[in-house]
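Read the structure below first, then the notes.
There are 2 protein chains.
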Amino acid sequence: MRLHGFFRSGASYRLRIALALKGMPFDQTSYVLRHGDQRQPAYLEKNPQGLVPTLELDDGTLMTQSLAILEWLEETHPEPALLPKDPMARARVRAFALAIACDVHPVQNLGVLNAVKALGHTDADVNDWARRVNQQGLDACEKLLSNTKGPFCFGDKPTLADICLIPQLANARRFGCDFSGWTRLNEAEAACNALPAFQSALPERQPDAE
Amino acid sequence: MRLHGFFRSGASYRLRIALALKGMPFDQTSYVLRHGDQRQPAYLEKNPQGLVPTLELDDGTLMTQSLAILEWLEETHPEPALLPKDPMARARVRAFALAIACDVHPVQNLGVLNAVKALGHTDADVNDWARRVNQQGLDACEKLLSNTKGPFCFGDKPTLADICLIPQLANARRFGCDFSGWTRLNEAEAACNALPAFQSALPERQPDAE
Numbered sequence: 022m023r024l025h026g027f028f029r030s031g032a033s034y035r036l037r038i039a040l041a042l043k044g045m046p047f048d049q050t051s052y053v054l055r056h057g058d059q060r061q062p063a064y065l066e067k068n069p070q071g072l073v074p075t076l077e078l079d080d081g082t083l084m085t086q087s088l089a090i091l092e093w094l095e096e097t098h099p100e101p102a103l104l105p106k107d108p109m110a111r112a113r114v115r116a117f118a119l120a121i122a123c124d125v126h127p128v129q130n131l132g133v134l135n136a137v138k139a140l141g142h143t144d145a146d147v148n149d150w151a152r153r154v155n156q157q158g159l160d161a162c163e164k165l166l167s168n169t170k171g172p173f174c175f176g177d178k179p180t181l182a183d184i185c186l187i188p189q190l191a192n193a194r195r196f197g198c199d200f201s202g203w204t205r206l207n208e209a210e211a212a213c214n215a216l217p218a219f220q221s222a223l224p225e226r227q228p229d230a231e
Numbered sequence: 022m023r024l025h026g027f028f029r030s031g032a033s034y035r036l037r038i039a040l041a042l043k044g045m046p047f048d049q050t051s052y053v054l055r056h057g058d059q060r061q062p063a064y065l066e067k068n069p070q071g072l073v074p075t076l077e078l079d080d081g082t083l084m085t086q087s088l089a090i091l092e093w094l095e096e097t098h099p100e101p102a103l104l105p106k107d108p109m110a111r112a113r114v115r116a117f118a119l120a121i122a123c124d125v126h127p128v129q130n131l132g133v134l135n136a137v138k139a140l141g142h143t144d145a146d147v148n149d150w151a152r153r154v155n156q157q158g159l160d161a162c163e164k165l166l167s168n169t170k171g172p173f174c175f176g177d178k179p180t181l182a183d184i185c186l187i188p189q190l191a192n193a194r195r196f197g198c199d200f201s202g203w204t205r206l207n208e209a210e211a212a213c214n215a216l217p218a219f220q221s222a223l224p225e226r227q228p229d230a231e
């Protein structure tokens, strides 16, 4: 299979982690987001939203939206499990993942930051926007873990929650967030980044890293 | 159970539809978003993100993030099904739902629009932002349905896709989007709004409607 993505795209990074955890090899095609590669007509045929990632299966089937792909991976390649078995425990993991995937990531992605800039604001204003979104969003995520056991977000194995958290922390670091209050998030990051699957997915280890 | 929400909140509207489709009665507590009710300390104890909705079960269990709650509803109350059985078909429905829930809804919610306003922009600028996000996002959603059969988003029954679409179309209408190119979206809206479950969930029929 082939991952159409970008080394710095958080949603591509989620899929790199999950595919590595599931032991599924993949090739990559890179789209430089700030050049608008993802809005070229040939790619829009694959992904009408003009976003990365898209996962292309060996039979040519195209899949979009990282969380939909993660759920499909879990349903079709159940081991190792990325969701617990109990429905309420699954809901807690998904709520954490969605708190990042809906309420942090899309509000600080390149499209939104470009839209803020197009309103006449400086790079410093844009960075302030991105830092605020990450800080407030991840402050809330830390609270969502207040009653959970570590070292991962939800216990002793990585889940969809960690898969969404780790790429977002990379962005938060890039935008200058204050990590000092994030006890559980920092613990989960350390546990994840000790695993080969997470290491192989690191942005700086991708072929298109700049 | 009790839905903590707001008549005009799109994510609350999703849950009202799904609970009605599943035949599950619920009470409501209303949070007037522009007054900041959702950021009061007592509510932040229930929902650390300070967002609606929160679903409170009869035993006091609190659930957040509408899509996580929808997946839990589907797992614990499987009939009528809101997702198809085939994994790839499920992925298509979820990708459509997430295209709205991640890439449209959060980029035009009240918090983001207030953030744009706080940068010194007018109500007209803010409305332009919201209209653009809805127009571009739903234009892409129309394309995601180009190979599907109606009258609903994915066939002859409503799914999670319709549950996310209908509240977003209500916002799109409010912000003045052009619906004329949305053949499949309009068809799905008409099919949904003919159903009693969707009718009972309409914003204007809620006790807190203004």
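From first to last, the protein sequence lines are chains P and A. The opening position of the first sequence corresponds to residue 22 in this note's numbering, with each subsequent residue numbered one higher. The opening position of the second sequence corresponds to residue 22 in this note's numbering, with each subsequent residue numbered one higher. Here a beta-carbon is modelled for each residue, glycine too, at the ideal position from N, C-alpha and C. Quick caveat, the model's predicted, so the values are computed rather than measured.
Asked                                                                                                                     : Found
Separation of C162 of chain P from D120 of chain P, as counted between CA atoms                                           : As written in the sequence, residue 120 of chain P is Ala, which differs from the Asp given in the question. Rounded to the nearest angstrom, the two C-alpha atoms are 7 Å apart.
Length-filtered (4 minimum) alpha helix (DSSP H) runs lying within the stretch 62-139 of chain P                          : 62-67, 87-97, 108-122 and 131-139
Distance, L88 of chain P Cα to P245 of chain P Cα                                                                         : Here chain P comprises residues numbered 22 to 231, so residue 245 of chain P is not present and cannot be evaluated.
Simplified DSSP assignment, three categories, for D48 of chain A                                                          : strand
Segment contact, 8 Å Cβ cut-off, at least three pairs: the stretch 89-102 of chain P with the stretch 100-111 of chain A  : yes
From A:Q59, A:L78 and A:D80, residue whose alpha carbon lies closest to that of Q70 of chain A                            : A:Q59
Proximity below 9 Å, CB of A209 of chain A to CB of L186 of chain A                                                       : yes
Residues that DSSP places opposite L24 of chain P in a beta bridge                                                        : P:Q49 and P:L76
Assigned secondary structure, G176 of chain A (DSSP; H/G/I helix, E/B strand, else coil)                                  : strand
Within chain A, partners of C123 of chain P - CB distance below 7 Å                                                       : A122, C123 and P127
Chain A residues whose Cβ lies nearer than 9 Å to that of K164 of chain P                                                 : L65, P69 and Q70
Selected residue, minimal CA-CA separation from L181 of chain P, among P:I90, P:L83, P:D229 and P:N207                    : P:I90
Interface residues of the stretch 86-116 of chain A facing chain P [CB-CB below 9 Å]                                      : Q86, S87, L88, A89, I90, E92, W93, E96, T97, P108, M109, R111, A112, R113, V114, R115 and A116
Span of the alpha helix (DSSP H) around P217 of chain P                                                                   : P217 to S221
Proximity test, Cβ basis, 9 Å: H142 of chain P and chain A                                                                : yes
Own chain partners of D107 of chain P with C-beta closer than 7 Å, once the 5 adjacent residues on each side are dropped  : none
The alpha helix (DSSP H) enclosing N192 of chain P, as first and last residue numbers                                     : L181 to R195
Segment contact flag, the stretch 213-229 of chain A with the stretch 28-36 of chain A, C-beta cutoff 8 Å, min 3 pairs    : yes
CB of L24 of chain A within 9 Å of CB of L42 of chain A, strictly                                                         : no
Three-pair Cβ contact test at 8 Å for the stretch 196-211 of chain A versus the stretch 160-175 of chain A                : yes
Segment contact, 8 Å Cβ cut-off, at least three pairs: the stretch 118-138 of chain P with the stretch 126-143 of chain A : yes
Unbroken alpha helix (DSSP H) run spanning G202 of chain P, endpoints                                                     : Premise fails: G202 of chain P is in no alpha helix (DSSP H) and is neither H nor E.
Beta carbon proximity, W203 of chain A to chain P, threshold 9 Å                                                          : no
Per-residue contacts from V133 of chain A into chain P (C-beta, under 7 Å)                                                : V128
Proximity below 9 Å, CB of Q86 of chain P to CB of R115 of chain A                                                        : yes
For S33 of chain P, three-class secondary structure by DSSP                                                               : helix
CB of F28 of chain P within 9 Å of CB of A230 of chain P, strictly                                                        : yes
CB contact below 9 Å: A151 of chain P versus chain A                                                                      : no
Straight-line Cα distance separating N148 of chain A from H56 of chain A                                                  : 19 Å
Beta-carbon neighbours of M84 of chain P, restricted to chain D and to distances below 9 Å                                : No chain D is part of this structure, whose protein chains are labelled P and A.
Other residues of its chain near L76 of chain P: CB distance less than 7 Å, five sequence neighbours each side excluded   : M22, L24, L36, M84 and I90
Helix, strand or coil at L166 of chain A according to DSSP, with G and I counted as helix                                 : coil
Sub-9 Å separation of H142 of chain P and L134 of chain A beta-carbons                                                    : no
Proximity below 9 Å, CB of A118 of chain P to CB of I184 of chain P                                                       : yes
Residues that A161 of chain P contacts on chain A, provided the C-beta gap is smaller than 7 Å                            : P69 and Q70
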